[in-house]
Amino acid sequence: MSVVKSEWPLWEVFVRNKAGLDHKHCGSLHAADPRMAIQLARDVYTRRQEGTSVWVVRSDQIVASDPGDKDMYFDPMEDKVYRHPTFYALPSEVDHM
Amino acid sequence: MYTQAMDLGPKDEAKTLKTAEEHQLQQRFDERIDAGEFIEAKDWMPDNYRKTLVRQISQHAHSEIVGMLPEGNWIGRAPSLKRKSILLAKVQDEGGHGLYLYAAGETLGTSRDQMLEALHTGKAKYSSIFNYPTLTWADVGVIGWLVDGAAIMNQVPICRCSYAPYARAMVRICREESFHQRQGFESLLTMMTHGTEAQRAMVQDATNRWWWPSLMMFGPPDAESPNTAQSMRWGIKRISNDDLRQKFVDAAVEQARVLGVSLPDPELKWNPEREHWDFGAIDWSEFWRVVNGHGPNNKERLATRVKAWDDGAWVREAALAHAAKQSNVKEAA
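So the protein sequences, as listed, match chains A and B. Mapping of the first sequence onto our numbering: position 93 corresponds to residue 93, and the numbering continues sequentially without gaps. Position in the second sequence counted from 1, then plus 97, gives you our numbering.
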């Protein structure tokens, strides 16, 4: 009963709840190949009709931003309030534009 | 993100950090916990926070998987097709819950195989409740009512755990788990209201056997839980063992009344001052006996798990070999 050296690779699972919505990350699983990954994703993450479509992608294929860079990456947007419609005060007669 | 594969985290750097820097990281971490922020897999965290989570999440995952056994025992003997379908769905859910939790554990840098190895060699624990036998069909209902009821009460606060991958897994689990308790209660209620005298006696007998082990599911009393304070500080635990146990007893008393069964505790009594139900002393020596491997079914449960894992080895290997062959074919084409 030794530890198997080669685990099945890890996959990330994305599920579309219903037509018209985007796919959303919902978890991960181990599977030997793409077909098995899709099948297991269905069994594990859509047992209660949570999905109408499933994507799987090998976890080692995902490129992510470094959490250490979080402030540097995202804080510069903090002072750009003029990118939001609420920044502009208009007369009430035309405020619904 | 449920993955440890993108290994760009500061985990390895932490070892070479200067003390001052480490101190600063620790301070920042404490501030985030105090502010009620979530910690993600790749964020810096103290080693003991990581270790505590690996231990708790893997134990939790093992409990889900081993928990499939006592009920799985009754799938082939369910009294109707309806009850059989329900039980199948429930046991399948438990397998899914184990998987969500193993995935959350893996984000902390431990592999699935490492966790399973710890279970199979007896190094890792699982919930003591699953070392009791399911003797009659009523046990299946009582497990839903009391065991899943206790599990839900334990698990709901973990939905707010500071470690986000664990919290996310728990949200999903709690959403699915509520049917488990309801189906159990409904099954018992059916037997109590439409059943025979023998069936009612069976429900009472199962209640008598599962009541005390269910109370033990909340863990040792607060006074004997040395790790509770630290877990509370870290936001891993939100409510103490004794408080959760009291909450469970208070809810179960009314449920037992509706069901028409008695709870096997002569000291159970409403305390108007505390506004809670008082209950008798728990036999903690039994708890420790079962936790340490000497319950009625410990050996059988673990042997079944190990056998399933060993018997499945060729399937795991064949699937990998097939995948390798397919990708060779694709490359050659």
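Cβ coordinates follow ideal geometry from the N, Cα and C atoms, glycine included. Here the structure is a predicted model, which means the values were calculated and not measured.
**Asked** From residue 247/B to residue 134/B, what does the alpha carbon distance come to, in whole angstroms?
**Response** 27 Å
**Asked** Helix or strand or just coil, what does DSSP make of residue 315/B?
**Response** coil
**Asked** How long is the line joining the alpha carbons of residue 19/A and residue 49/A, rounded to whole angstroms?
**Response** 12 Å
**Item:** Neighbour-count burial assignment, residue 72/A, 16 or more Cβ in a 10 Å radius
**Value:** exposed
**Message:** Using only CA atoms, which one of 279/B, 317/B, 257/B and 358/B lies nearest to residue 302/B?
**Reply:** 358/B
**Asked** Can the beta-carbon of residue 289/B be found closer than 8 Å to that of residue 356/B?
**Response** yes
**Prompt:** When DSSP labels each residue in this structure, what does residue 12/A get in the three-state scheme?
**Reply:** strand
**Message:** Let me confirm a value: residue 2/A is counted as buried when at least 16 other C-beta atoms fall within 10 Å, else exposed. Which label applies?
**Reply:** Interpretation of residue 2/A is limited by its pLDDT of 46, a score under 50 that renders its predicted location unreliable; no figure is taken from the coordinates.
**Asked** Just the Cα atoms here: how many angstroms apart are residue 59/B and residue 22/A?
**Response** In the structure displayed, chain B extends from 98 to 430; residue 59/B sits before or after that span and is not available.
**Prompt:** List, in order along the chain, the chain A residues whose C-beta lies closer than 7 Å to that of residue 417/B?
**Reply:** 6, 8 and 32
**Message:** Any beta carbon of chain B sitting closer than 8 Å to that of residue 44/A?
**Reply:** yes
**Partner residues on chain A for residue 402/B, Cβ-Cβ distance less than 9 Å** = In chain order: nothing, as chain A lies at least about 11 Å away.
**Boundaries of the beta strand (DSSP E) in which residue 29/A is found, first to last residue** = 24-30
**Prompt:** Does any C-beta atom of chain B lie closer than 8 Å to the C-beta of residue 36/A?
**Reply:** yes
**Asked** chain A partners of residue 423/B, CB-CB under 8 Å?
**Response** 33
**Prompt:** What are the start and end residues of the alpha helix (DSSP H) that includes residue 208/B?
**Reply:** Careful: residue 208/B lies outside any alpha helix (DSSP H) and carries neither H nor E.
**Prompt:** Using CA coordinates, which residue listed in 86/A, 13/A and 70/A is at the minimum distance from residue 61/A?
**Reply:** 13/A
**Request:** Taking only the alpha-carbon atoms, compute the straight-line gap between residue 402/B and residue 70/A and give it to the nearest angstrom.
**Result:** 43 Å
**Request:** Assign residue 267/B to one of two classes, buried (16 or more other C-beta atoms within 10 Å of its C-beta) or exposed (fewer than that).
**Result:** buried
**Prompt:** Considering only the beta carbon of each residue, do residue 9/A and residue 83/A sit closer than 8 Å?
**Reply:** no
**Near-chain B residues of the region 63-82 of chain A - C-beta to any C-beta below 7 Å** = 64, 66, 67 and 68
**Item:** Cβ-based neighbour list, residue 110/B, same chain, cut-off 6 Å, excluding 5 preceding and 5 following
**Value:** Residue placement at residue 110/B is flagged as unreliable, the pLDDT there being 43, under the threshold of 50; the coordinate-derived value follows with that caveat. So no residue of the chain qualifies.
**Message:** I need the boundaries of the beta strand (DSSP E) containing residue 55/A, first residue and last residue.
**Reply:** 53-58
**Request:** Express the C-alpha separation of residue 136/B and residue 216/B in angstroms, rounding to a whole number.
**Result:** 27 Å
**Request:** Can you give me the start and stop residues for the alpha helix (DSSP H) that residue 84/A sits inside?
**Result:** Here residue 84/A belongs to no alpha helix (DSSP H), and DSSP marks it neither H nor E.
**Message:** Counting C-beta neighbours from all protein chains within 10 Å, is the total for residue 166/B 16 or more, i.e. buried, or is it exposed?
**Reply:** buried
**Request:** Show which residues of chain A have a CB atom less than 9 Å away from the CB atom of residue 427/B.
**Result:** Those do not exist, as residue 427/B stays about 11 Å from chain A at its closest Cβ, beyond 9 Å.
**Given residue 68/A as reference, the closest of 132/B, 122/B and 279/B once Cα atoms are compared** = 122/B
**Prompt:** Can you name, in chain order, every residue of its own chain whose Cβ lies under 6 Å from the Cβ of residue 277/B, other than the five neighbours on each side?
**Reply:** 187, 241 and 245
**According to DSSP, residues forming a beta bridge with residue 366/B** = 375/B
**Request:** Report all residues from its chain with a CB closer than 7 Å to the CB of residue 441/B; omit the five preceding and five following residues, and keep chain order.
**Result:** For chain B, the structure presents residues 98 to 430; residue 441/B sits outside this window and is missing.
**Message:** Please report the straight-line C-alpha distance between residue 219/B and residue 212/B, rounded to a whole angstrom.
**Reply:** 11 Å
**Cβ pair residue 142/B, residue 224/B closer than 8 Å** = no
**Item:** Ranges of the alpha helix (DSSP H) found wholly within the region 276-322 of chain B, counting only runs of at least 4
**Value:** 294-313
**Request:** Using a Cβ-Cβ cut-off of less than 8 Å, give me the residues of the region 192-204 of chain B that come near chain A, in sequence order.
**Result:** 193, 196, 197, 200 and 203
**Message:** Quick check: does the Cβ of residue 273/B come within less than 7 Å of any heavy atom belonging to the ligand MG?
**Reply:** This structure simply doesn't include the ligand MG, nor any ligand for that matter.
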